[in-house]
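Remarks on the structure that follows.
Numbering (our numbering), first residue to last: 32 to 156.
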């Protein structure tokens, strides 16, 4: 009986985790998602997890990249706080590489995927 309850709870938790990904961009080869449930604000800055899932391997032996980014909503900038790459889609499979090195701030380019992430994190339309 305990095993049945545990399996049901795990199913609910995993479904909830999957439901947190909101699709922002899809093209012929890539899909970009944001986990809006992870948005945390400190002043003008917002942190949020995102996920890039690819249909084809780029030669780097991974099909998805999950990153924690920080967005400066006032200055229209972003930086990567940490990231991990995975052998499967949607952050599944084996972890191929990870880094906790905080990258430098970069301006968010208009019309790009990062701008869609910035808009989502900063609550812009």
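Note that beta-carbon positions come from the ideal geometry of N, C-alpha and C, so glycine has one too.
message: Looking at the secondary structure, which residues open and close the alpha helix (DSSP H) in which residue 152 lies?
response: 144 to 153
message: In this structure, how does DSSP classify residue 76 when only helix, strand and coil are distinguished?
response: strand
query: Per DSSP, what kind of secondary structure is residue 120 in: helix, strand or coil?
result: helix
message: Using only the alpha-carbon positions, how far apart do residue 154 and residue 82 sit?
response: 18 Å
message: For residue 53, report the span of its beta strand (DSSP E) as first-last.
response: 52 to 57
query: What is the rounded straight-line gap between the Cα of residue 144 and the Cα of residue 124?
result: 24 Å
message: Does the contact criterion of 3 or more C-beta pairs under 8 Å hold for the segment 128 to 139 versus the segment 65 to 85?
response: no
message: Determine whether the beta carbon atoms of residue 120 and residue 71 lie at a separation below 8 Å.
response: No. Outside cutoff.
field: the segment 104 to 114 in contact with the segment 53 to 69 per 3-pair CB rule at 8 Å
entry: Segments in contact, no.
message: Quick check on the burial criterion: 16 or more other C-beta atoms within 10 angstroms. Buried or exposed for residue 137?
response: exposed
- prompt: Going along the chain, which residues of its own chain have a beta-carbon closer than 7 Å to the beta-carbon of residue 87, five neighbours each way excluded?
  reply: 60
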